[in-house]
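See below for the structure under consideration.
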Amino acid sequence: MNLTLKIWRQPGPDEKGKFVNYPISDVSPESSFLEMMDVLNEQLIAKGEEPVAFDHDCREGICGMCSMYINGRPHGPDDAITTCQLHMRKFKDGDTITIEPWRAKPFPVIKDLIVDRSSFDEIIQAGGFISVDTGGIPDANAIPIPKLNADLAMDAASCIGCGACVAACKNASAMLFVSAKVSQFALLPQGKIEAKRRVQKMVAKMDELGFGNCTNTYACEAECPKEIKVTNIARMNREFFAAKVRAEK
Amino acid sequence: MATLKSKIPEGTLAEKWTNYKAHQNLVNPANKRKLEVIVVGTGLAGAAAAASLGELGFKVKNFCIQDSPRRAHSIAAQGGINAAKNYPNDGDSIYRLFYDTIKGGDYRSREANVYRLAEVSNNIIDQCVAQGVPFAREYGGLLDNRSFGGALVSRTFYARGQTGQQLLLGAYSALSKEVSRGSVEMYVRREMLDLVIIDGRARGIITRNTVTGEIERFAAHAVVLATGGYGNVFFLSTNAMNSNGSAAWQCYKRGAVFGNPCMVQIHPTCIPVHGDYQSKLTLMSESLRNDGRIWVPKNKEDAEKIQKGQLKPTEIKEEDRDYYLERRYPAFGNLVPRDVASRAAKERCDAGYGVGNTGLAVYLDFKHAIERLGKEVIEARYGNLFQMYEKIVDENPYETPMMIYPAIHYTMGGIWVDYELQTTIPGLFAAGEANFSDHGANRLGASALMQGLADGYFVIPYTVQNYLADQINVPFFKTDLPEFEQAEKEVRDKLEKLLNNNGSTTVDTFHKKLGLLMWDHVGMARNKEGLEEAIKEIRALRDAFWKDVKVPGSLKGVNVELEKATRVADFLELGELMAMDALNREESCGGHFREEYQTEEGEAVRNDKDYMFVSAWEYKGSDQEPVLNKESLKYEYIEVKTRNYKEAKS
């Protein structure tokens, strides 16, 4: 396959970026998108040009590090995958592929296609945990949990923190990400104990960091590589409302 | 020569850890605030250690190379975590988990460490459930188990095919809790480039900030290395792209002895290699062997037709299929340990029975399982794995058998540690895959997660405290000490040398060449001639690297090529040590298979008389050969036997 790659190049956070076109030839349809990017970078280095900086690590769709906005979609033109799982067979010979970083105020560009997603860590640090220390724990089977709850908690917990939901949302809302963590714990007896405190703290932090509100377009669910459902947002809204009504001191 | 003191506590096997804890030194709460600990890495071992040390009140600095601690490569572990809970009432116990781990490791691991691992395994499950880890459950609300290779019981806890992710997110949430409490300071996008030693003790690290490019210094009273394994020396492996051996390698060059470098695990069920541009290999969880059956055609003509695309696997009749694991190992069948399954696949492919267009693949077939259990059950158990396979290979594994082939997955070898997980450098500890201690010559499935969390939650917090007890009057270290100056200078000189090399060959070109060399000579099957050849070729490749490597950009800002270059420079040294270790070990055991030492049936032949020891290599300078130290292994509570997976007797 011969392709034209239209890639966002930006030297640093405070510098202006622009699109640059790169022709690339003899791309194997069996290669992954990131392997195609590797080939491009090898060619750029050989020519004495600067390689394109992009985040990636596990290359099997679980670490959440890869983060490209490809042809107007986070992680590109396939459903339920990350960019590292996207394969070139999804494109046609002669295509022009537009590659941008995640675009959202709370995810500032570091360089080229790399963005800073530490705001997600800050939201988790605000309360996305169960406050138990190591040791002194009762037996794992001491509290039975209905299978349905465990399964729904697992659905929510499968979030990889990639930020596709934010990148897909016209409001740059982080509601799907935050609600997935809130839901996971709200569904489990272990998490119920500090549920009210948790949802209030996480939502406050999310707002403080400049993420937008949810206007129910469901773009987040459509683009989530792990198919996390917007019903989690509904659950978080209920949790948040209940916490406000019966606030703890 | 280094002195290797394993410091195994007194008492019977079952009493040792209890005795240790009863007599260890403690630090009072007010003094803990005066003591700093650096933890490098945020995988299961690193995050669990940092969080637990923070909870105790120590001042912790935790480092990771990714943009968030949640992305460490533990996240990619799929199948599960072992524990001796015996919830299924099928005869499991701490002793049996201990026994299976020692046997699975082919009698090359330390008895006392492994027993402790089995002992704390149950605490791990309790801890994770309390953190909100959504393990799979039965309809009655209790936890579900499944079986894994090398065991006759079901002791593996799991969270779909994402167990590593869920356990890591549990440890990450504990870590986040401590960050918010202020006991742990988190440093992301940092790569450790050197260890700083003051008066013989580990007292700090030098890092590069991979965003700004700054070289930074950090001091502490103790350093915990939890930086994972070095499988990426092979270029193609199931490891993440950023996983590397450099932090451990710097510690080795600063005096930490390296244990069993040749012990590498090759995982039998990975998606086969498809082309030259391939960047990594993807694992298909071992849990698939619970229901999938492995086979190749019985007739070579069929295999050849399949390779040419003239025949489909579904067209081959049942009687023309060779379920070679079930044939060779009736008792364990498809659930033999990883080293055995990998070698058996290689044997069939080398003999010409392999499938796929390369002939380097075997089938993993779910046809019978789907007939027996229904598609829904299989989907519930392995749905995400099947989807992952389909995205990569573009074939539907519900309809046609998966193709798999062995790939580099895990390194049992690592920095040598004593019972306290302390290295031969006082104050430097190594946890998780970064140390050598628990898996001997082969690791059982679902035991890496167990070991990472055991070390992080339940061992390091005790042993680091024991070490720090006499350090309470040692004030915080300043980073303008000459030892820091010197270490930073050495790092800068190395980086600048790489940047100013003006060569013409990219880093990846060298890495791929090294990878092929390692796979051909230090991979699944090794022999004297090949290993000697490998050592020669690695040395030549290393010279070529330093003469001709091209690293663009500068020290400032993001420079991915520079990061890769430092790692490959270290791999070019580590690879040689692996080959030397493999050459030295004139026996076959676990993942280390020397072709000269096998039975007529192709089974490994151990040499307990001469090789029942841990190889502990000691660095002597760049112009000298490393020195081999030996820690002999004694088995007091287990009878050493030839591993046998043909019969059910243990």
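Those protein sequence lines, which keep their order, are chains A and B.
Residue numbering for the first sequence follows our numbering, starting at 1 and increasing by one per position.
Residue numbering for the second sequence follows our numbering, starting at 1 and increasing by one per position.
Note that CB positions come from ideal geometry on N, CA and C, so glycine has one too.
Problem - Option in B:V474, B:S93, B:T423 and B:V393 with minimal Cα separation from I460 (chain B) - result: Distances from the alpha-carbon of I460 (chain B) to those of B:V474, B:S93, B:T423 and B:V393 put B:T423 closest.
Handout entry: Secondary structure of E587 (chain B), DSSP reduced to three states
Key = coil
Problem - 4 or more residues per run - each alpha helix (DSSP H) lying fully within the region 349–429 of chain B - result: 367–373 and 375–393
Handout entry: N-terminal and C-terminal residue of the alpha helix (DSSP H) that C63 (chain A) is part of
Key = It is not in any alpha helix (DSSP H) - C63 (chain A) carries neither H nor E in the DSSP assignment.
Problem - Exposure of M1 (chain B), with buried meaning 16 or more beta-carbon neighbours within 10 Å - result: exposed
Problem - Test: E42 (chain A) CB closer than 9 Å to a CB of chain B - result: yes
Practice task
Out of A:K147, A:K196 and A:K226, state which residue places its alpha-carbon closest to the alpha-carbon of L176 (chain A).
Solution key: The candidate whose alpha carbon is nearest that of L176 (chain A) is A:K226.
Problem - C-alpha gap between V20 (chain A) and T238 (chain B), whole angstroms - result: Answer to the nearest angstrom: the Cα atoms are 33 Å apart.
Handout entry: Same chain, Cβ closer than 6 Å to F234 (chain B), five either side skipped, listed in chain order
Key = I408, G515, M518 and W519
Practice task
Output the residue ranges of the beta strand (DSSP E) runs that lie fully inside the region 265–337 of chain B and measure 3 residues or longer, sorted by chain position.
Solution key: Runs of the beta strand (DSSP E) inside the region 265–337 of chain B: 293–297.
Exercise for the section: Under 7 Å Cβ to Cβ from K557 (chain B), same chain only, skipping five residues before and after it: list those, please. Expected result: Just to set this straight, residue 557 (chain B) is Gly in the shown sequence, not Lys. Closer than 7 Å at the Cβ level, and outside the excluded window around G557 (chain B), lie T212 and G213.
Exercise for the section: Pair every Cβ in the region 248–267 of chain B with every Cβ in the region 425–441 of chain B, then say whether three or more of these pairs are closer than 8 Å. Expected result: yes
Exercise for the section: Flag L34 (chain A) as yes if its beta-carbon sits less than 9 Å from any beta-carbon of chain B, otherwise no. Expected result: yes
Handout entry: M241 (chain B) - DSSP class collapsed to helix/strand/coil
Key = coil
Handout entry: Any C-beta of chain B under 9 Å from that of Q200 (chain A)
Key = no
Exercise for the section: Using a Cβ cut-off of 8 Å, pull out every chain A residue sitting near D126 (chain B), in sequence order please. Expected result: I137, P138, D139 and A140
Problem - Given 8 Å, three or more beta-carbon pairs between the region 189–206 of chain B and the region 70–85 of chain B - result: no
Problem - Cross-chain neighbours of P144 (chain A) in chain B, by beta carbon under 7 Å - result: G140, G141 and L142
Handout entry: Contact set between M241 (chain B) and chain A, taken where Cβ atoms lie within less than 8 Å
Key = H56, D57, C58 and R59
Practice task
Name, going along the chain, the residues of the region 450–481 of chain B whose beta-carbon falls closer than 8 Å to a beta-carbon of chain A.
Solution key: Y457, F458 and P461
Exercise for the section: Note down, in chain order, every chain B residue with its Cβ under 8 Å from the Cβ of R117 (chain A). Expected result: D67 and S68
Practice task
May I have a chain-ordered list of the alpha helix (DSSP H) segments no shorter than 4 residues that lie completely inside the region 524–593 of chain B?
Solution key: 528–548 and 560–584
Handout entry: Contacts of Q190 (chain A) in chain B (Cβ-Cβ under 8 Å)
Key = V129, A130, Q131 and G132
Exercise for the section: State the start and end residues of the unbroken alpha helix (DSSP H) segment that holds F177 (chain A). Expected result: M175 to A186
Problem - Cβ of H511 (chain B) within 9 Å of any chain A Cβ - result: no
Exercise for the section: Closer than 9 Å by beta-carbon distance: list the chain A residues that pair up with V558 (chain B), in chain order. Expected result: For V558 (chain B), the residues of chain A that pass the 9 Å Cβ criterion are G12, A53, I110, K111, D112 and I114, in the order they occur in the chain.
Handout entry: At least 3 beta-carbon pairs within less than 8 Å: the region 586–593 of chain B vs the region 271–286 of chain B
Key = no
Problem - Continuous beta strand (DSSP E) stretch holding W8 (chain A): start and end - result: L3 to R9
Practice task
List the endpoints of the continuous beta strand (DSSP E) containing S632 (chain B).
Solution key: Segment V627 to S632, the beta strand (DSSP E) holding S632 (chain B).
Problem - Near-chain A residues of the region 539–555 of chain B (beta-carbon distance less than 7 Å), N- to C-terminal order - result: K550, P552 and G553
Exercise for the section: Please determine if the region 192–207 of chain A and the region 128–142 of chain A are in contact, where contact requires at least 3 C-beta pairs separated by less than 8 Å. Expected result: Segments in contact, yes.
Practice task
Give the interface partners of S588 (chain B) over in chain A, defined as CB-CB distance under 9 Å, in chain order.
Solution key: Simply none; closest approach about 31 Å.
Problem - Cβ separation of V153 (chain B) and A140 (chain A), assumed to be a contact under 8 Å, to the nearest whole Å - result: At roughly 17 Å, the Cβ-Cβ gap does not stay under 8 Å, so V153 (chain B) and A140 (chain A) are not in contact.
Handout entry: Classification of R25 (chain A) by the beta-carbon crowding that lies within 10 angstroms, buried from 16 upward
Key = Just to set this straight, residue 25 (chain A) is Ser in the shown sequence, not Arg. By the 10 Å Cβ count, S25 (chain A) comes out exposed.
Exercise for the section: Let me know the alpha helix (DSSP H) ranges lying completely inside the region 183–223 of chain A, each 4 residues or longer, listed in chain order. Expected result: 189–192, 195–208 and 219–223
Problem - Contact check, L335 (chain B) vs G161 (chain B), beta carbons under 9 Å - result: no
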